[in-house]
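Quick note on the UniProt record's numbering: the sequence shown kicks off at 1 and runs consecutively.
Shown next, in structure tokens, is the structure this report addresses.
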Amino acid sequence: MAQCRELCESPARELSQSCLDPFEDAYRGSCSRDGRFKQYFYFDQAAGACKMFWFGNCRGTSQNIYPTLESCQWTCERRRDERIAAYCTDKFDEKYKDSCEGGQWRERAFFD
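In structure tokens form, the structure reads like this:
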């Protein structure tokens, strides 16, 4: 049973503090000398997803700002089940509940 849990269950993952920081609209302002904006990303807690915004090089105090979608997703969107092996989610075969081995019952575990 312990081996099954170790292989198929992963602990709940807590979000990084930067994901929990509220996004600051100040980042959207135009503060660059050339007036150019760059694509940046922040984690929207209500949507549970990373969203793009145009970064104008203005500074703020929130750490909820990421230069790439991948860095935002890696930090804030990773799912609890991403580490679960495929065989852990297979449908349980009921035939394994039948008696076998000369009527000797052994404890078995499965993940559902």
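For glycine and all other residues, C-beta sits at the position ideal for the given N, C-alpha and C.
The model shown is predicted, which means the values in this text are computed figures rather than measured ones.
So F42 packs on F53, CB below 8 Å; how close in whole Å?
-> Residue identity check: residue 42 is Tyr in the sequence provided, not Phe. Yes, they are in contact, since the Cβ atoms of Y42 and F53 sit about 6 Å apart, within 8 Å.
Beta-carbon contacts of C58 that lie in its chain and below 7 Å, excluding the five residues immediately before and after | Contacts found: A26, Y27, G29 and C31.
Along the alpha helix (DSSP H) that carries C19, what are the first and last residues, could you check?
-> For C19, the enclosing alpha helix (DSSP H) stretches over residues Q17 to L20.
Would you identify the three-state DSSP class for S71, choosing helix, strand or coil?
-> S71 falls in the helix class under three-state DSSP.
Nonlocal neighbours in the same chain, by C-beta distance under 6 Å from Q39, ignoring five residues either side | Taken in chain order, the residues that qualify are M52.
Could you pull out every residue in the same chain whose Cβ sits closer than 8 Å to the Cβ of T61, ignoring the five residues on either side in sequence?
-> E24.
Relative to the alpha-carbon of D90, which residue among F37, W74 and F111 has its alpha-carbon at the smallest distance?
-> Of F37, W74 and F111, the residue nearest in Cα terms is F111.
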